[in-house]
Amino acid sequence: MSVMTSIPVAADTDLTTVPRRHPLRWLTGLLLLVVIGLLVADVATNPRFGWAVVWLYFQDVSIFHGLLTTLELTVICMAIGIVLAVALAVMRLSANPVVRTFAFGYVSFFRGTPVLVQLLFWFNLAALYPVISFGLPGVHLDANTLITPFMAAVLGLGLNEAAYMSEIVRAGILSVDHGQTEAAGALGLTRGQTLRRVVLPQAMRVIVPPTGNETIGMLKTTALVSVLAVHDLLYSSQIIYAKNFQTIPLLIVASLWYLVVTTVLGVGQYYLERRYARGNRTLPPTPLQRLRRLVGTHANVDRSLR
Amino acid sequence: MTITVNSRTTATAPSPAMVRAVGVRKSFGSNEVLQGIDLTVEQGEVVCLIGPSGSGKSTFLRCINHLERTDGGQLWVAGAPVGYELRGTRLHELKDRDVCRQRTGVGMVFQHFNLFPHMTVLENLMEAPVRALRQPKARVRERALGLLEKVGLAEKASAYPRSLSGGQQQRVAIARALCMEPRLMLFDEPTSALDPELVGDVLAVMRDLAASGMTMVVVTHEIGFARDVADRVAFFDGGRIVEIGPPAQVLGNPEHPRTREFLAAVR
Chain A
1 MSVMTSIPVA
11 ADTDLTTVPR
21 RHPLRWLTGL
31 LLLVVIGLLV
41 ADVATNPRFG
51 WAVVWLYFQD
61 VSIFHGLLTT
71 LELTVICMAI
81 GIVLAVALAV
91 MRLSANPVVR
101 TFAFGYVSFF
111 RGTPVLVQLL
121 FWFNLAALYP
131 VISFGLPGVH
141 LDANTLITPF
151 MAAVLGLGLN
161 EAAYMSEIVR
171 AGILSVDHGQ
181 TEAAGALGLT
191 RGQTLRRVVL
201 PQAMRVIVPP
211 TGNETIGMLK
221 TTALVSVLAV
231 HDLLYSSQII
241 YAKNFQTIPL
251 LIVASLWYLV
261 VTTVLGVGQY
271 YLERRYARGN
281 RTLPPTPLQR
291 LRRLVGTHAN
301 VDRSLR
Chain B
1001 MTITVNSRTT
1011 ATAPSPAMVR
1021 AVGVRKSFGS
1031 NEVLQGIDLT
1041 VEQGEVVCLI
1051 GPSGSGKSTF
1061 LRCINHLERT
1071 DGGQLWVAGA
1081 PVGYELRGTR
1091 LHELKDRDVC
1101 RQRTGVGMVF
1111 QHFNLFPHMT
1121 VLENLMEAPV
1131 RALRQPKARV
1141 RERALGLLEK
1151 VGLAEKASAY
1161 PRSLSGGQQQ
1171 RVAIARALCM
1181 EPRLMLFDEP
1191 TSALDPELVG
1201 DVLAVMRDLA
1211 ASGMTMVVVT
1221 HEIGFARDVA
1231 DRVAFFDGGR
1241 IVEIGPPAQV
1251 LGNPEHPRTR
1261 EFLAAVR
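So the protein lines, in turn, are chains A and B. Residue numbers for the first sequence follow the numbering used here, beginning at 1 and rising by one. Residue numbers for the second sequence follow the numbering used here, beginning at 1001 and rising by one.
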């Protein structure tokens, strides 16, 4: 069969194009809908999921306080992680071999031990150093009062995160063309100015996406602090099901809240990435802009996109 | 690293030459890319460095701005040793901050422009004078807009570099270097990365600059530009200056067979 045979058509004939059809997409879509439908029906009707209990505790005050603690931990630990990470990344790339080696050692140590073990170490610091003086005369702190469970959680998660984040920041710095550093240097900008004004802003494009990933990861990793009896989201649910034995519904409550927050973070990350892609490429419209365009309202928004 | 300064040199230290290189050497590993460069560039002079790639001309240019460290010989810019401070008869290596201060007097234009992509054209021009020289913003802005006018890009002040053509970007890069009010301008193959029809605009800007009396050292493959604008042309080959003199001599009637061979290949 020769598809390519040319059929004589008068030059002024209007020809219509027929787009390709995708029957397989429709078929698989349909199949997936059926499977999801069955699954949802099963989950909704299985009484052991205890949806009434889930809904009740989803709005519980102690769960909400647990969520706040989880969010607080996430924000503090990420802040510590990011600040230390920038310092560590710059140290890793320093010309000073002492500083470079220190940063390398830090990253190896914290990346090389389980974060759960690190948390337990900080929690039990008083066993190693009952009194903390930082080697200074007059400073005399009791380790047991200083290292509260929350403090141990912040130290353990924050210092561990710094090690991971520093590798991300380092990759970002290395992704910036060396010509940028040379041009900045040739203009007489100092190393610090070059880093702050020229290199880091451009590195953000590479740093932001994995940082969003790390933040979402951190939110979930904070669940580990339940072993230190910090009243986070998971531990608050555990306390409740220890009393009423509604284990599964309360684990669902915790999971739902984790899912809600990670979804919000995901949306935030999307817009943050767009912000740092400026000047690099033309951006596709956001889902919201596409929706508006589809609905046909906000003609002014539409025009501004072109 | 050996740098020798004899006492006679110190006695006559503040030399009027803008650039004075005496036996400058530089190696990358075991590859000696500069094998003793002697070159003096007087104030207001335009010197073009030509030669095959790998002959050391770009490396030498980068040494003048201390983007590369020299391994031997002496290199002076405006009477000061590049990257060092002269105390008595000893050269003390400068701290980063002092190297930066030294560089503020020397403008450099790169083959690939190296504009800052996250800043507008105007911000590109204003960054270094405001940050490195700590000059007031209003004054710098005025000067920057004047320079953009001069290179024919006044209407692009608020554009981002990526939206400009290569030729426009390179003219912005020249304006950015000039905004520091340097006494010496270095050009590292400024037109090599440009489409042929965009080369003319950039060369025109460089011609104007040369006519205004700026001291310029230009690494270039544009033989026509070198013939018209340069006061002297230096032909580099194998890490040495093989031949140097007025363009009419080096380009029109070269003595050295290597120069003749190169010019025949370039034409």
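From the three backbone atoms N, C-alpha and C, an ideal C-beta is built for every residue, glycine too.
Candidates 1096(B), 1248(B) and 1087(B): which alpha carbon is nearest residue 1229(B)'s? Start at 1 with the first residue of the second sequence, and residue 1229(B) comes out as number 229. In terms of CA proximity to residue 1229(B), 1248(B) leads the group 1096(B), 1248(B) and 1087(B).
Coarse secondary structure for residue 1196(B), derived from DSSP in three states: Counted from its first residue, the second sequence places residue 1196(B) at position 196. Correct three-state label for residue 1196(B): helix.
Return the first residue and the last residue of the alpha helix (DSSP H) that residue 1241(B) is part of. Locating residue 1241(B) in the second sequence gives position 241, where the first residue counts as 1. Segment 1240-1245 is the beta strand (DSSP E) holding residue 1241(B); no alpha helix (DSSP H) there.
Can you round the beta-carbon distance between residue 1198(B) and residue 1152(B) to whole angstroms, since I take them to be within the 8 Å contact cut? Counted from its first residue, the second sequence places residue 1198(B) at position 198. Counted from its first residue, the second sequence places residue 1152(B) at position 152. About 12 Å; that fails the 8 Å criterion.
At what residues does the beta strand (DSSP E) containing residue 1048(B) begin and finish? If you number the second sequence from 1, residue 1048(B) lands on position 48. Its beta strand (DSSP E) spans residues 1046-1050.
For my contact list, residue 1221(B) and residue 179(A) are in at a C-beta cut-off of 8 Å; report their separation, rounded to the angstrom. To locate residue 1221(B), count along the second sequence from 1; it is residue 221. To locate residue 179(A), count along the first sequence from 1; it is residue 179. About 19 Å; that fails the 8 Å criterion.
Which residues in the same chain as residue 1159(B) place their Cβ atom closer than 7 Å to its Cβ, once the five residues preceding and following it in sequence are excluded? As a first step, residue 1159(B) is located in the second sequence; it is residue number 159 there, counting from the start. Cβ neighbours of residue 1159(B) beyond the five flanking positions: 1120 and 1121.
Which bits of chain B does residue 277(A) rub up against, with CB to CB less than 8 Å? Position 277 of the first sequence, counted from the start, is the residue given in the question as residue 277(A). Correct list: empty, because the minimum Cβ distance to chain B is about 11 Å.
Do you know offhand how far residue 1029(B)'s Cα is from residue 1237(B)'s? By 1-based counting over the second sequence, the position of residue 1029(B) is 29. By 1-based counting over the second sequence, the position of residue 1237(B) is 237. Taking the straight line from one Cα to the other gives about 19 Å.
Answer with yes or no whether the minimum CB distance from residue 1104(B) to chain A is below 7 Å. To locate residue 1104(B), count along the second sequence from 1; it is residue 104. Closer than 7 Å to some Cβ of chain A, the Cβ of residue 1104(B) qualifies, so yes.
Please work out which residues of its chain come closer than 8 Å, Cβ to Cβ, to residue 49(A), disregarding the five sequence neighbours upstream and downstream, and give them in chain order. Locating residue 49(A) in the first sequence gives position 49, counting from the first residue. Closer than 8 Å at the Cβ level, and outside the excluded window around residue 49(A), lie 43, 248, 249 and 252.
If the cut is a Cβ gap below 8 Å, which residues of chain A does residue 1196(B) touch? One-based indexing of the second sequence puts residue 1196(B) at position 196. What residue 1196(B) touches in chain A: nothing, since even the nearest Cβ is about 23 Å away.
Going by the CB atoms, is the gap between residue 1077(B) and residue 1174(B) shorter than 7 Å? Counting from one through the second sequence, the residue named residue 1174(B) turns up at place 174. Counting from one through the second sequence, the residue named residue 1077(B) turns up at place 77. No; because the gap between Cβ atoms is not below 7 Å, this pair is not in contact.
CB contact check: residue 1063(B) to chain A, cutoff 7 Å: Along the second sequence, read from residue 1 onward, the residue named residue 1063(B) stands at position 63. For residue 1063(B), the answer is no, since every Cβ of chain A falls outside 7 Å of its Cβ.
Three-state class that DSSP yields for residue 1183(B) in the structure shown: Translated into positions along the second sequence, residue 1183(B) becomes position 183. Residue 1183(B) falls in the coil class under three-state DSSP.
Return the Cβ separation of residue 1206(B) and residue 1187(B) in integer angstroms, given the expectation that the two are a contact with Cβ distance under 8 Å. Working through the second sequence from its first residue, we reach residue 1206(B) at position 206. Working through the second sequence from its first residue, we reach residue 1187(B) at position 187. Contact holds; Cβ gap of about 7 Å.
C-alpha gap between residue 71(A) and residue 219(A), whole angstroms: To locate residue 71(A), count along the first sequence from 1; it is residue 71. To locate residue 219(A), count along the first sequence from 1; it is residue 219. Linking residue 71(A) to residue 219(A) through their CA atoms gives a straight-line distance of about 7 Å.
Nearest to residue 1191(B) by alpha carbon, out of 1182(B), 1184(B) and 1202(B)? To locate residue 1191(B), count along the second sequence from 1; it is residue 191. Nearest option by C-alpha distance: 1202(B).
Which value, in whole angstroms, describes the spacing of the CA atoms of residue 330(A) and residue 196(A)? One cannot answer for residue 330(A) here, as it falls past the ends of chain A, which runs 1 to 306.
Return yes when the Cβ of residue 1047(B) is within less than 7 Å of the Cβ of residue 1183(B), no when it is not. The sequence position of residue 1183(B) within the second sequence is 183, counting from 1. The sequence position of residue 1047(B) within the second sequence is 47, counting from 1. Against a cut-off of 7 Å, the Cβ pair of residue 1047(B) and residue 1183(B) comes out as no contact.
How many Å lie between residue 1114(B) and residue 155(A) at the Cα? Here residue 1114(B) refers to the residue found at position 114 of the second sequence. Here residue 155(A) refers to the residue found at position 155 of the first sequence. Rounded to whole angstroms, residue 1114(B) to residue 155(A) spans 41 Å at the Cα level.
Would DSSP call residue 1030(B) helix, strand or coil? Numbered from 1 along the second sequence, position 30 holds the residue referred to as residue 1030(B). Residue 1030(B): coil per DSSP, three-state reduction.
Along chain A, which residues have their Cβ under 7 Å away from the Cβ of residue 1211(B)? In the second sequence, residue 1211(B) corresponds to position 211, counting from 1. Within chain A, no residue comes near residue 1211(B); the closest Cβ sits about 24 Å away, beyond 7 Å.
Exposure label - residue 1019(B); buried when at least 16 CB within 10 Å: Taking the second sequence and counting its residues from 1, one reaches residue 1019(B) at position 19. Residue 1019(B) is buried by the Cβ-count criterion.
Locate the beta strand (DSSP E) running through residue 81(A), then write down its first and last residues. Within the first sequence, numbered from 1, the residue matching residue 81(A) stands at position 81. Residue 81(A) -> not in any beta strand (DSSP E); alpha helix (DSSP H) instead, spanning 61-92.
Listed in chain order, which residues of the stretch 1077-1101 of chain B have Cβ atoms closer than 9 Å to some Cβ of chain A? 1096, 1097, 1099, 1100 and 1101
What residue range is occupied by the uninterrupted beta strand (DSSP E) comprising residue 1237(B)? What you label residue 1237(B) is simply residue 237 of the second sequence in a count that begins at 1. Looking at the DSSP string, the run of the beta strand (DSSP E) that includes residue 1237(B) is 1232-1237.
To be precise: take each residue of the stretch 1109-1137 of chain B, compare its Cβ to all Cβ atoms of chain A, and keep it if any distance is under 7 Å. Which residues remain? 1110, 1112, 1114, 1116, 1117, 1118, 1127, 1128, 1131 and 1132
What would DSSP say about residue 1093(B), mapped onto helix, strand or coil? As a working note, residue 1093(B) is residue 93 in the second sequence. Reduced to three states, the DSSP call for residue 1093(B) is strand.
Hey, out of 107(A), 61(A) and 272(A), whose CA is closest to residue 158(A)'s CA? Working through the first sequence from its first residue, we reach residue 158(A) at position 158. For the residues 107(A), 61(A) and 272(A), the minimum Cα distance to residue 158(A) belongs to 107(A).
Quick check: the Cα distance between residue 139(A) and residue 128(A), rounded to an integer number of angstroms? Translated into positions along the first sequence, residue 139(A) becomes position 139. Translated into positions along the first sequence, residue 128(A) becomes position 128. Computed Cα separation, rounded: 17 Å.
Considering residue 116(A), what are the terminal residues of the beta strand (DSSP E) in which it resides? Within the first sequence, the letter at position 116 stands for residue 116(A). Taken as a continuous stretch (DSSP letters only), residue 116(A) belongs to no beta strand (DSSP E), being part of the alpha helix (DSSP H) at 115-123.
Using beta carbons (cut-off 7 Å, strictly below), is residue 1184(B) in contact with chain A? By 1-based counting over the second sequence, the position of residue 1184(B) is 184. No, its Cβ sits nowhere closer than 7 Å to a Cβ of chain A.
Could you check whether the Cβ of residue 1317(B) sits closer than 7 Å to any Cβ belonging to chain A? A query on residue 1317(B) cannot be resolved here, the shown segment of chain B reaching from 1001 to 1267 and no further.
Helix, strand or coil: which one does DSSP assign to residue 187(A)? On the first sequence, residue 187(A) is found 187 positions in, with the first residue counted as 1. If DSSP states are grouped into helix, strand and coil, residue 187(A) belongs with coil.
From the beta carbon of residue 189(A), is the nearest beta carbon of chain B less than 7 Å away? Working through the first sequence from its first residue, we reach residue 189(A) at position 189. So yes, residue 189(A) belongs to the interface.
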